[in-house]
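Trainee: Residue numbers for the sequence shown follow the working numbering, beginning at 109 and rising by one.
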Amino acid sequence: MPTALVTGAGGLIGSYIVREAARYAPGWVVHGLTRAEVDLTDTDAVRHLFSTLKPDLVIHCAALTNTLACEADPLKARRVNVEVTARLCELAAHARLVFMSTDLVFDGRHGNYTETDPVNPLCVYAQTKAEAEQLVLANPLHLVVRTSLNAGVSPTGDRSFTEKMRLAWRRGETLRLFTDEFRCPIHASLTARAIWELVQKGATGLFHVAGNQKLSRWQLGTLVAARCPELNPKLEPASVNEWDGPTRAPDTSLDCTKAQGVLSFPLLGFEQWLQLHPTEPV
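1. Exposed or buried, which one is Lys237 when buried takes at least 16 other CB atoms within 10 Å?
2. To the nearest angstrom, how far is the alpha carbon of Ala129 from that of Ala311?
3. Measure the beta-carbon distance from Pro256 to Asp211 and round it to whole angstroms, keeping in mind my assumption that it falls under 8 Å.
4. Let me check understanding here. Comparing Cα to Cα, which of Glu379, Lys366, Asn258 lies closest to Thr222?
5. At what residues does the alpha helix (DSSP H) containing Pro182 begin and finish?
6. If you count every other CB in all the chains shown that lies within 10 Å of the CB of Asn340, and 16 or more means buried, which is it?
7. Would you please state the rounded distance, in angstroms, between the beta carbons of Ala318 and Leu362? I believe it to be under 8 Å.
8. Answer with buried or exposed for Arg279, where buried requires no fewer than 16 other C-beta atoms within 10 angstroms of its C-beta.
9. Applying the criterion that 16 or more other CB atoms from any shown protein chain within 10 Å of the CB defines a buried residue, is Leu176 buried or exposed?
10. Assuming Leu172 contacts Ala296 (C-beta within less than 8 Å), just tell me the rounded distance between them.
11. Could you check how far apart the C-beta atoms of His168 and Arg254 are, in whole angstroms? I think they sit under 8 Å.
12. Specify the secondary structure class of Ala171 as computed by DSSP and reduced to three states.
13. With H, G and I counted as helix, E and B as strand and the rest as coil, what does DSSP make of Ala133?
14. Which residues does DSSP pair with Glu344 in a beta bridge?
15. In chain order, what residues of the same chain have a beta carbon less than 7 Å from the beta carbon of Arg274, not counting five sequence neighbours either side?
16. Taking C-beta to C-beta, are Leu148 and Ala170 nearer than 9 Å?
17. Could you work out which residue in Arg217, Asn220, Ala200, Phe269 is closest to Leu245 when comparing CA atoms only?
18. DSSP has Tyr221 in a bridge; who is on the other side?
19. Taking its Cβ as the centre, do 16 or more other Cβ atoms sit within 10 Å of Asp181, making it buried, or is it exposed?
20. Using a threshold of 9 Å, state whether the C-beta atoms of Val206 and Ala234 are closer than that.
Printed below as a string of structure tokens:
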């Protein structure tokens, strides 16, 4: 059977890709790789891994995703998000590689972005992802998947936006959430299913995979709060105009028409997913 290597298997999306493989990719031997097992910035260790495993497919989810951490140390952000990706592209030159990217490569001026819209990243994290995208797309065998905020339960319990909200409420914090910043959130199980289906259908190039409903941070918070009343969740509305950190993109909603034309299932918006899964943890 062909072999797949999934980096970032200790994170949210990577862990779902590994756990959903038995259902959606039973013909693959899947190796989930965590940071504790191999440091992807260690060139010799990564080369040894490839020579041993000889993967037919690499799904690259590992990244430095914390936007504030990237702003604080842009050299580290570039080393992890760009240089590691370049090395994987080299080692997987004759295999297939799937690179997980972000809606934040857009500046958010108009929203509903398609794969043909030009990128204009506003923060260091997004800049590194946009640069890495081009490295991946230089190989016609490879695939870039841009996604948005992903919900779900991660191995560490603190990776998804839903987990971060619940943790804050457990600490008794009041969340101030933007009413004027919009994304297309999706549950990570759907993202993982989409990745496996795109792989098995031979998709290459660039695809957007996100929920089909645009929601503000405030709307997201109210949905999650309704799901966990036992935490006594507290919310306050806020505006991006009040934010004094790195520049934020106000509307990075994604048009997923291209992916939806390939996939056999709907990319549900977060609100609809909650309605269809009333007891599943988020």
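Beta carbons: idealized from backbone N, C-alpha and C, even for Gly.
A quick note: this is a predicted structure, and the numbers were derived from the prediction, not measured.
Mentor: Quick answer:
1. Sequence index remark: in the sequence shown, residue 237 carries index 129 (1-based). If you draw a 10 Å sphere on the C-beta of Lys237, you find 16 or more other C-beta atoms in it, and that means buried.
2. What you label residue 129 is simply residue 21 of the sequence shown in a count that begins at 1. What you label residue 311 is simply residue 203 of the sequence shown in a count that begins at 1. Approximately 17 Å, taken between the alpha carbons.
3. The sequence position of residue 256 within the sequence shown is 148, counting from 1. The sequence position of residue 211 within the sequence shown is 103, counting from 1. Reading the sequence as shown, one finds Ser at residue 256 and not Pro. Correct: roughly 5 Å between the Cβ atoms.
4. Stepping through the sequence shown from its first residue, residue 222 is reached at position 114. Minimum Cα-Cα distance from Thr222 among the listed residues Glu379, Lys366, Asn258 corresponds to Lys366.
5. Taking the first residue of the sequence shown as 1, we reach residue 182 at position 74. Unbroken alpha helix (DSSP H) run through Pro182: 182–186.
6. What you label residue 340 is simply residue 232 of the sequence shown in a count that begins at 1. Here Asn340 is exposed: its Cβ has fewer than 16 other Cβ atoms, across all protein chains shown, within 10 Å.
7. For this step, residue 318 is matched to residue 210 along the sequence shown. For this step, residue 362 is matched to residue 254 along the sequence shown. Right, the Cβ-Cβ distance comes to about 4 Å (below 8 Å), so this counts as a contact.
8. Residue 279 sits at position 171 when you count from the first residue of the sequence shown. With fewer than 16 Cβ atoms within 10 Å of its Cβ, Arg279 is classed as exposed.
9. As a first step, residue 176 must be located in the sequence shown, where it is residue number 68. It counts as exposed.
10. As a first step, residue 172 must be located in the sequence shown, where it is residue number 64. As a first step, residue 296 must be located in the sequence shown, where it is residue number 188. Their Cβ separation, rounded to whole angstroms, is 19 Å, which puts Leu172 and Ala296 out of contact at 8 Å.
11. What you label residue 168 is simply residue 60 of the sequence shown in a count that begins at 1. What you label residue 254 is simply residue 146 of the sequence shown in a count that begins at 1. Between Arg254 and His168 the Cβ distance is about 13 Å, and since that is not below 8 Å, they are no contact.
12. For this step, residue 171 is matched to residue 63 along the sequence shown. Ala171 falls in the coil class under three-state DSSP.
13. Looking up residue 133 in the sequence shown gives position 25. Ala133: coil per DSSP, three-state reduction.
14. If you number the sequence shown from 1, residue 344 lands on position 236. Bridge pairing for Glu344: Arg284 [DSSP].
15. For the purposes of this step, residue 274 is identified with residue 166 of the sequence shown, where counting begins at 1. Residues Cys336, Leu339 of the same chain have their beta carbon placed closer than 7 Å to that of Arg274, with the five preceding and five following residues left out of the count.
16. Taking the first residue of the sequence shown as position 1, residue 148 is located at position 40. Taking the first residue of the sequence shown as position 1, residue 170 is located at position 62. Ala170 sits close to Leu148, with the two beta carbons spaced by under 9 Å.
17. Position 137 of the sequence shown, counted from the first residue, corresponds to residue 245. Measuring from the Cα of Leu245, the nearest candidate turns out to be Ala200.
18. Position 113 of the sequence shown, counted from the first residue, corresponds to residue 221. Leu362, per the DSSP bridge assignment.
19. Against the sequence shown, residue 181 aligns to sequence position 73. Its Cβ having fewer than 16 others within 10 Å, Asp181 is exposed.
20. Your numbering for residue 206 matches position 98 in the sequence shown. Your numbering for residue 234 matches position 126 in the sequence shown. Their beta carbons are not under 9 Å apart, which means Val206 does not touch Ala234 by this criterion.
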